[in-house]
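Line by line, the protein sequences are chains A and B.
Per my numbering, the very first residue in the first sequence carries number 1; after that it's consecutive.
Per my numbering, the very first residue in the second sequence carries number 1001; after that it's consecutive.
Here the structure is laid out as structure tokens; the discussion comes afterwards.
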Amino acid sequence: DAGVTQSPTHLIKTRGQQVTLRCSPKSGHDTVSWYQQALGQGPQFIFQYYEEEERQRGNFPDRFSGHQFPNYSSELNVNALLLGDSALYLCASSFIGGAGNEQFFGPGTRLTVL
Amino acid sequence: AQRVTQPEKLLSVFKGAPVELKCNYSYSGSPELFWYVQYSRQRLQLLLRHISRESIKGFTADLNKGETSFHLKKPFAQEEDSAMYYCALRFYGGATNKLIFGTGTLLAVQP
Chain A
1 DAGVTQSPTH LIKTRGQQVT LRCSPKSGHD TVSWYQQALG QGPQFIFQYY
51 EEEERQRGNF PDRFSGHQFP NYSSELNVNA LLLGDSALYL CASSFIGGAG
101 NEQFFGPGTR LTVL
Chain B
1001 AQRVTQPEKL LSVFKGAPVE LKCNYSYSGS PELFWYVQYS RQRLQLLLRH
1051 ISRESIKGFT ADLNKGETSF HLKKPFAQEE DSAMYYCALR FYGGATNKLI
1101 FGTGTLLAVQ P
């Protein structure tokens, strides 16, 4: 099991563009969470998907949206990119019925907005 | 509001010295706290959780509800402990949950 995988590794976009980031959860996991980690900061919760629905959302604007597919993989979409969206985007997966419900993190996607 | 505070951005100690990474939280409910670690060029991974009351790689952390703290301790630091450490609070919303992270402390263990 490769664990949580994310693609792409790095991405460079310009202001106003749109971006899609992808995440495949760890085998056996059914829940995917997305976090934004700005430089020098801890990860900040964006939203969480379970059963293909957004279940919880952090303090992020509607420009941030997501999707979960029947195979539990997920996408994070960001529209109208701002310079401040430059960050490491982390995906974490968990099994909602699992003991402790531990979240396992992927390696992240580094997004740079110019 | 829920919040996790790690007051030190950097903690530098010598090998063999004791280590204490500070974490304070703000949460009105019953807290569930974790320490995550990120070694150089590796992904974020769970180090320990307060519910388990376990010792991992010589690290322990005790939840002090009176002081709203969850400090991470190790009696004798090793060079391989050098990493970024994040304290996190789990916040439940129905059946799902999210983690609220502190800003992290970089532990540098000098030889």
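The beta carbon of each residue, even a glycine, is placed where N, CA and C say it ideally should be.
Do the CB positions of residue i and residue j come within less than 8 Å of each other?
i, j, result
"Pro25 (chain A)", "Ser73 (chain A)", "yes"
"Leu1044 (chain B)", "Phe1059 (chain B)", "no"
"Leu1089 (chain B)", "Leu1010 (chain B)", "no"
"Gly97 (chain A)", "Cys23 (chain A)", "no"
"His1071 (chain B)", "Leu1021 (chain B)", "yes"
"Cys1023 (chain B)", "Val1037 (chain B)", "no"
"Pro1075 (chain B)", "Pro1018 (chain B)", "yes"
"Leu1099 (chain B)", "Gln103 (chain A)", "yes"
"Thr31 (chain A)", "Ser93 (chain A)", "yes"
"Asp1 (chain A)", "Ser27 (chain A)", "yes"
Using a Cβ-based criterion (distance less than 7 Å to any ligand heavy atom), does residue i qualify as near the ligand COA?
i, result
"Tyr1027 (chain B)", "Among the ligands in the structure shown, none appear at all, so the ligand COA cannot be discussed."
Taking the alpha carbon of residue i as the point to measure from, which residue in the options has its own alpha carbon closest?
i, options, result
"Val4 (chain A)", "B:Gln1042, B:Leu1021, B:Lys1098", "B:Gln1042"
"Tyr1027 (chain B)", "B:Ala1001, B:Cys1087, B:Pro1075, B:Phe1014", "B:Ala1001"
"Thr112 (chain A)", "A:Gln6, A:Leu39, A:Pro61, A:Gly28", "A:Leu39"
"Ile1051 (chain B)", "B:Phe1101, B:Glu1008, B:Trp1035", "B:Trp1035"
"Leu117 (chain A)", "A:Leu114, A:Ser93, A:Gly108, A:His67", "This structure does not reach residue 117 (chain A), given that chain A is present from 1 up to 114, and the question cannot be answered."
"Gln18 (chain A)", "A:Ile12, A:Val78, A:Leu88, A:Ser27", "A:Val78"
"Ala1108 (chain B)", "B:Ile1100, B:Asn1097, B:Tyr1085", "B:Tyr1085"
"Ser1069 (chain B)", "B:Phe1091, B:Cys1087, B:Ala1083", "B:Cys1087"
"Asn71 (chain A)", "A:Leu88, A:Tyr50, A:Lys13", "A:Tyr50"
"Ser1118 (chain B)", "B:Ala1061, B:Asp1081, B:Lys1065", "With chain B covering 1001 to 1111 only, the question about residue 1118 (chain B) has no answer from this structure."
Under the assumption that residue i contacts residue j (Cβ atoms under 8 Å), give the Cβ distance between them as a whole number of angstroms.
i, j, result
"Gln36 (chain A)", "Gln44 (chain A)", "5 Å"
"Arg110 (chain A)", "His10 (chain A)", "5 Å"
For residue i and residue j, what's the separation of their Cα atoms in angstroms?
i, j, result
"Glu53 (chain A)", "Cys91 (chain A)", "16 Å"
"Glu1079 (chain B)", "Arg1053 (chain B)", "24 Å"
"Gly58 (chain A)", "Ser65 (chain A)", "11 Å"
"Phe1014 (chain B)", "Gln41 (chain A)", "25 Å"
"Phe95 (chain A)", "Leu76 (chain A)", "19 Å"
"Arg15 (chain A)", "Ala80 (chain A)", "7 Å"
"Gly108 (chain A)", "Gln48 (chain A)", "16 Å"
"Gly1104 (chain B)", "Phe60 (chain A)", "21 Å"
"Glu1067 (chain B)", "Phe1101 (chain B)", "18 Å"
"Ile1056 (chain B)", "Tyr89 (chain A)", "27 Å"
"Leu1063 (chain B)", "Gln1110 (chain B)", "28 Å"
"Pro8 (chain A)", "Ile46 (chain A)", "19 Å"
"Phe1046 (chain B)", "Asn101 (chain A)", "In the sequence as displayed, the identity of residue 1046 (chain B) is Leu instead of Phe. The straight-line gap from Cα to Cα measures roughly 12 Å."
Is the Cβ of residue i closer than 8 Å to any Cβ of chain E?
i, result
"Pro8 (chain A)", "The displayed structure is made up of protein chains A and B, and chain E is not among them."
Taking only beta carbons into account, state which residues of the stretch 50-68 of chain A come closer than 8 Å to chain B, listed in chain order. Tyr50, Arg55, Gln56, Gly58
Which residues, taken in chain order from the stretch 87-101 of chain A, show a beta carbon closer than 9 Å to some beta carbon of chain B? Leu90, Ala92, Ser94, Ile96, Gly100, Asn101
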